[in-house]
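To start, the structure under review is shown below, and the notes come after it.
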Amino acid sequence: METYDFVFVGAGCAGLSMIHYLLKSKMKNAKILILEPNPEIPNKTWCYWSEVPFDIHPPENIISWDSFNFISKDKKLKKSLGKLKYYYLKSSDFFSSILNEISKAKNITKLEEKVNQITSEGLYNKVETSSGNQFLAKTIFDSRIEEPLSPTILKQVFLGWKIKTTNSCFDTDGVTLMNFIESKNKFDFFYILPFSETEALVEYTAYSKESINYDILETKLLEYLKSNFQISSYEISYSEFGSIPMTTTLSQKQINPSIIKIGTGAGWIKASTGYGFSSIQKKCKSIIDQLEKGKMIQISRSTRFDFYDNILLNIAHKWPQKLQSIFMNLFETSSAQDVLQFLSEETTIKEEIQILQKVKFRPFIKSLLNYERH
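Residues 3 to 376 (the numbering used here) make up the sequence shown, in order.
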């Protein structure tokens, strides 16, 4: 039975990020196996905020913005990001870059096989695939999501189109992070990444426990484009439809220190916002650092940020119509840079108090008095 130092079950963002950092570490010559049944490179949009692009971000054609727009029925709020920039990354560029690194590494084997079972075998772990192959590994990184997820989990459901218009209609001065919709008993909004006056990614997003029919999402986008922009005609060059689980329950403790859950299935996506690329990079770097130092891998998260997420998720579940004013108020009362650092879980307790003491606290008190973990 072939034995490896590391086996990666799945080659998504987390798995490939980890391999990228492995190849730049003291363990760059470790024997690695990647098991990924899907040969297609996913076409997704990832964004993150930072003072400079991450080292893992492919250097060609880096696109960023330095301000956010928030739009409600009776208000428009524009916020500078201060020292930060909001970076756009095509997943296809990311995958191509890392897969190119992997193709040059003679110590890495990549197989298009689905993993059926993982078991402990003494000092090693055994991986069995759907084709009947078996492998041994010292350490396994497993990025699979346990299915099915609980039906009570809130999801961020979205449909986005990258469109090219024949006339100028997009404001290139900043990202429209949230153009709120006046909805009863739900929270939904539009999101715009303007690449030029004639090209943008326009996305409709809704928080929902139920799946939303594609036709409904499409109708929302069509109506928004028709009523908000003077577009004579346009072409859709790219479409992205997805659903992100918004829950803190995926953050699991490691049962086996040598079988490590990573990525979305490990709760690495920020539960209250759906952002994950930055979090994935931090956690991958932390794991590689622990491996280099010979430490037992531990992936911990501050309990207070878990608590903050659940306070907001509790509102999203029970009083979603309150979220519009909460997000608007949060960015109105503090600098965007401070809020983004808070959402990145990079603030101190003192800084968090300074941010939270400025907001209207009634919905948060109500959530605390009716607190549930989601």
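Built from N, CA and C at the ideal position, the CB exists for glycine as well. Quantities reported herein were computed from a predicted structural model and do not represent experimental measurements.
N- and C-terminal bounds of the alpha helix (DSSP H) containing residue i
{"i": "LYS285", "result": "279-294"}
{"i": "VAL383", "result": "Since the first and last residues shown for the chain are 3 and 376, residue 383 lies out of range."}
{"i": "TYR226", "result": "216-230"}
{"i": "ALA318", "result": "305-320"}
{"i": "LYS75", "result": "Segment: none, LYS75 is in no alpha helix (DSSP H) and carries neither H nor E."}
{"i": "PHE353", "result": "It is Glu, not Phe, that sits at residue 353 in the sequence shown. Per DSSP, GLU353 belongs to the alpha helix (DSSP H) from 351-358."}
{"i": "PRO365", "result": "364-371"}
{"i": "ILE58", "result": "It is not in any alpha helix (DSSP H) - ILE58 carries neither H nor E in the DSSP assignment."}
{"i": "ASN102", "result": "93-105"}
Cutoff 8 angstroms; reference residue i; Cβ partners in own chain excluding five residues on either side
{"i": "ASP7", "result": "MET29, ALA32, LYS33, ILE34, ALA139, LYS140, THR141"}
{"i": "GLU294", "result": "SER27, LYS28, MET29"}
{"i": "PRO44", "result": "GLY14, SER93, SER94, PHE97"}
{"i": "ILE301", "result": "GLN256, ILE262, ALA268, LYS285, SER288, ILE289"}
{"i": "LEU315", "result": "LEU156, MET248, THR249, THR250, ALA273, SER274, HIS376"}
{"i": "LEU179", "result": "PHE70, ASN71, PHE72, TYR193"}
{"i": "SER241", "result": "LEU161, GLY162, TRP163, LYS164"}
Per-residue burial, residue i [other beta carbons within 10 Å of its own, 16 or more giving buried]
{"i": "VAL54", "result": "exposed"}
{"i": "LEU161", "result": "buried"}
{"i": "PRO61", "result": "exposed"}
{"i": "PHE307", "result": "buried"}
{"i": "GLU199", "result": "exposed"}
{"i": "PRO259", "result": "exposed"}
{"i": "GLY269", "result": "buried"}
{"i": "PHE329", "result": "buried"}
{"i": "PRO41", "result": "exposed"}
{"i": "GLN343", "result": "buried"}
{"i": "GLU205", "result": "buried"}
{"i": "GLY124", "result": "exposed"}
{"i": "ILE351", "result": "exposed"}
{"i": "SER170", "result": "exposed"}
{"i": "TYR90", "result": "buried"}
{"i": "ASN127", "result": "buried"}
{"i": "ILE238", "result": "exposed"}
{"i": "ILE100", "result": "buried"}
{"i": "LEU219", "result": "buried"}
{"i": "SER185", "result": "exposed"}
Cutoff 6 angstroms; reference residue i; Cβ partners in own chain excluding five residues on either side
{"i": "LYS87", "result": "SER66, ASP68"}
{"i": "SER235", "result": "THR168"}
{"i": "ASP144", "result": "VAL11, LYS263"}
{"i": "THR111", "result": "LEU35"}
Of the listed residues the options, nearest to residue i (C-alpha basis)
{"i": "PHE309", "options": "ASN215, GLN283, ILE301, GLU354", "result": "GLU354"}
{"i": "ALA202", "options": "LYS228, ILE165, GLU225", "result": "ILE165"}
{"i": "LYS80", "options": "GLU123, ILE313, SER210, SER337", "result": "SER337"}
{"i": "PRO365", "options": "HIS376, GLU334, SER327", "result": "SER327"}
{"i": "GLU197", "options": "LYS188, GLU220, ILE214, GLY176", "result": "The sequence given here has Phe at residue 197, not Glu. Closest by alpha carbon: GLY176."}
{"i": "LEU358", "options": "SER346, LEU371, ASP340", "result": "ASP340"}
{"i": "PHE333", "options": "ILE64, GLU374, TYR126, ILE73", "result": "ILE73"}
{"i": "SER213", "options": "LEU179, ILE194, GLN158", "result": "GLN158"}
{"i": "LEU252", "options": "MET3, GLU374, LYS272", "result": "LYS272"}
{"i": "TYR50", "options": "PHE279, ILE100, LEU179, GLU205", "result": "PHE279"}
{"i": "SER304", "options": "LEU345, ASN181, TRP163, LEU113", "result": "LEU345"}
{"i": "LYS46", "options": "ILE367, LYS297, LEU325, PHE243", "result": "PHE243"}
{"i": "ILE246", "options": "LYS297, ILE147, SER229, ILE238", "result": "ILE147"}
{"i": "LEU151", "options": "VAL9, ASN372, SER281, THR266", "result": "THR266"}
{"i": "LEU25", "options": "TYR373, TYR240, LYS108", "result": "LYS108"}
{"i": "LYS85", "options": "SER52, PHE56, ASP76", "result": "SER52"}
{"i": "ASN312", "options": "THR349, SER281, GLU347, LEU370", "result": "LEU370"}
{"i": "THR121", "options": "LYS222, LYS77, ASP76, VAL9", "result": "VAL9"}
{"i": "GLU347", "options": "HIS319, LYS297, PHE172, TYR277", "result": "TYR277"}
{"i": "THR5", "options": "GLU103, TYR216, ASN372, PHE137", "result": "PHE137"}
Boundaries of the beta strand (DSSP E) in which residue i is found, first to last residue
{"i": "SER19", "result": "Per DSSP, SER19 belongs to no beta strand (DSSP E); it is in the alpha helix (DSSP H), 15-24."}
{"i": "MET379", "result": "Residue 379 is absent from the model: the chain starts at 3 and stops at 376."}
{"i": "LEU113", "result": "110-113"}
{"i": "PHE143", "result": "136-144"}
{"i": "ASP7", "result": "4-11"}
{"i": "THR131", "result": "126-131"}
{"i": "PRO196", "result": "189-198"}
{"i": "LYS263", "result": "261-263"}
{"i": "ILE36", "result": "34-37"}
{"i": "LEU252", "result": "Segment: none, LEU252 is in no beta strand (DSSP E) and carries neither H nor E."}
{"i": "LEU156", "result": "156-167"}
{"i": "THR207", "result": "201-210"}
{"i": "CYS49", "result": "47-52"}
{"i": "LEU179", "result": "177-182"}
Cutoff 7 angstroms; reference residue i; Cβ partners in own chain excluding five residues on either side
{"i": "ASN135", "result": "GLU115"}
{"i": "GLN119", "result": "GLU130"}
{"i": "ILE58", "result": "SER19, HIS22, GLN283"}
{"i": "LYS324", "result": "ILE317, PRO365"}
{"i": "VAL361", "result": "ASN331, LEU332, THR335"}
beta-carbon residue i near the ligand ATP non-hydrogen atom, thresh 8 angstroms
{"i": "ASN312", "result": "In the structure on display, the ligand ATP does not appear, and there are no ligands present to speak of."}
> For the 8 angstroms Cβ check, are there 3 or more pairs between the region 13-24 and the region 281-293?
Replying inline: With a cut-off of 8 angstroms, the region 281-293 and the region 13-24 count as touching, because enough Cβ pairs lie within range.
> Would the region 187-197 and the region 209-228 be scored as touching if the rule is three or more Cβ pairs under 8 angstroms?
Replying inline: Contact annotation: the region 187-197 touches the region 209-228, with at least three C-beta pairs closer than 8 angstroms.
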